[in-house]
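Peer 1:
In full-length UniProt numbering, the protein residues as written are 1 to 255.
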C-alpha cells in the first residue's frame, strides 16, 4: 500500500487504485474515509469504479487538479486517486446501543450538529467524558472529525468515549426516538435549563458555533433548552454552553 506524508501524517493519506479499492470495499469504509480526491478531467474505468463504490457508500468526492494530488503524494504514482483516512476508529451506532443494553446502561448521548472548530470539539469531548456521557454522535459531512488537534484538546477523552459518525443526523435522531430516547436541543427561546429533568435515556443536541441547530434537526427535538443570560453578550462559546448543560444533566441524573 502506497502512503506518504507532506505535512500530513502517513496514516492519513492513501493513493493509487489498488490501495484505494481495498479501503473502499471494507465494511468500515464510511467510518474510515474522510474524502476522496479524483484528478480533474481524468476519465478511466478505474476512476469510474471508484466513483461507483464511493457513491454507493455516500462518501465525499472532490475533483482536484493534478498538481495538488502531486503535492499530497510527493509526486508518487497516484493514478489520479488520493483519499484521506482517519486513524481514529469510529463506532457503529447500532452496535453502541446494543452494547449499552448488554450492560444495562441507559443512553446518555451527545449529538454535535456541525461543530467546525476542532478545539471546541476536543473541549466538548473532555467535558462529556467527565460527566459520564456514553456516546457521541457527529455528522460525516460539514463538521470536524477526530483530528490530532481534537485529540490534543480532549486530553485523552477520545480514547474512552465511543464516537459514531452518521450520514444523516435527522434520520439518526428519528431512529433514536423510536427507541424511546428523548432528544433535547438548545436555542435562545426554550425552557430554562435549570428545570431540565435529564434522567433516563436521553440525547442532547448541540448546534453549530455560529448558526445553532440546523432547522431540520431542531424540528426533531422533544424539548428546547435555553441558558438565561443577563449580560450584553447573548451567546456562549459552543464548548462552554455544552459544559453548562452537561453538568446540569449530570446533577439531574445523580440526584
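Just so you know, even glycine gets a beta-carbon here, dropped at the ideal spot from N, CA and C.
I'd like the list of long-range same chain contacts for residue 157, defined as Cβ closer than 6 Å, with 5 residues on each side in sequence excluded.
Peer 2: In its chain, beyond the 5 residues on either side, 125, 126, 129 have a beta carbon closer than 6 Å to the beta carbon of residue 157.
Peer 1: State yes or no: is the C-beta of residue 37 within less than 8 Å of the C-beta of residue 76?
Peer 2: The answer is no: Cβ separation not under 8 Å.
Peer 1: So within the segment 106-159, which uninterrupted beta strand (DSSP E) runs reach at least 3 residues, ignoring any that extend past its ends?
Peer 2: 108-112, 135-139
Peer 1: Report the rounded CA-to-CA distance for residue 246 versus residue 240, giving the unit in angstroms.
Peer 2: Those two C-alpha atoms are separated by around 10 Å.
Peer 1: What's the call for residue 171, buried or exposed, on a 16-neighbour Cβ count within 10 Å?
Peer 2: exposed
Peer 1: Any idea what DSSP makes of residue 16, helix, strand or coil?
Peer 2: Under the three-state reduction of DSSP, residue 16 is assigned to coil, being neither helix nor strand.
Peer 1: My output table needs one value for residue 222: the three-state DSSP class, helix, strand or coil.
Peer 2: coil
Peer 1: Do you know whose CA, among 90, 71, 17, lies nearest residue 256's CA?
Peer 2: Residue 256 lies beyond the stretch modelled for the chain, which goes from 1 to 255, so this question has no answer here.
Peer 1: Helix, strand or coil for residue 245, going by three-state DSSP, please let me know.
Peer 2: helix
Peer 1: Return the chain-ordered ranges of every beta strand (DSSP E) run that is complete within the segment 157-194 and spans a minimum of 3 residues.
Peer 2: 163-166, 182-192
Peer 1: As a quick exercise: from 162, 175, 217, pick the residue whose alpha carbon is nearest that of residue 186.
Peer 2: 217
Peer 1: Taking C-alpha atoms, which residue in 39, 238, 197 lies nearest to residue 213?
Peer 2: 238
Peer 1: Put residue 200 into one of helix, strand or coil per three-state DSSP.
Peer 2: coil
Peer 1: What are the residues that DSSP puts in a beta bridge with residue 38?
Peer 2: 63, 81
Peer 1: Considering residue 30, what are the terminal residues of the alpha helix (DSSP H) in which it resides?
Peer 2: 29-32
Peer 1: Taking its Cβ as the centre, do 16 or more other Cβ atoms sit within 10 Å of residue 163, making it buried, or is it exposed?
Peer 2: buried
Peer 1: Return the CA-CA distance between residue 59 and residue 255, expressed in angstroms with no decimal places.
Peer 2: 43 Å
Peer 1: Below 8 Å on the Cβ atoms is my guess for residue 136 versus residue 161; work out the distance and round it to an integer in Å.
Peer 2: 6 Å
Peer 1: With a cut-off of 8 Å on the beta carbons, I'd call residue 138 and residue 112 a contact; round off their distance for me.
Peer 2: 5 Å
Peer 1: Less than 8 Å between the CB atoms is what I'm expecting for residue 250 and residue 223, so what's the real figure, rounded?
Peer 2: That pair is no contact at about 18 Å.
Peer 1: Could you check the C-alpha separation between residue 252 and residue 199 for me, to the nearest Å?
Peer 2: 6 Å
Peer 1: Under the assumption that residue 201 contacts residue 181 (Cβ atoms under 8 Å), give the Cβ distance between them as a whole number of angstroms.
Peer 2: 5 Å
Peer 1: Can you find at least 3 beta carbon pairs, one from the segment 89-98 and one from the segment 58-72, that sit closer than 8 Å?
Peer 2: no
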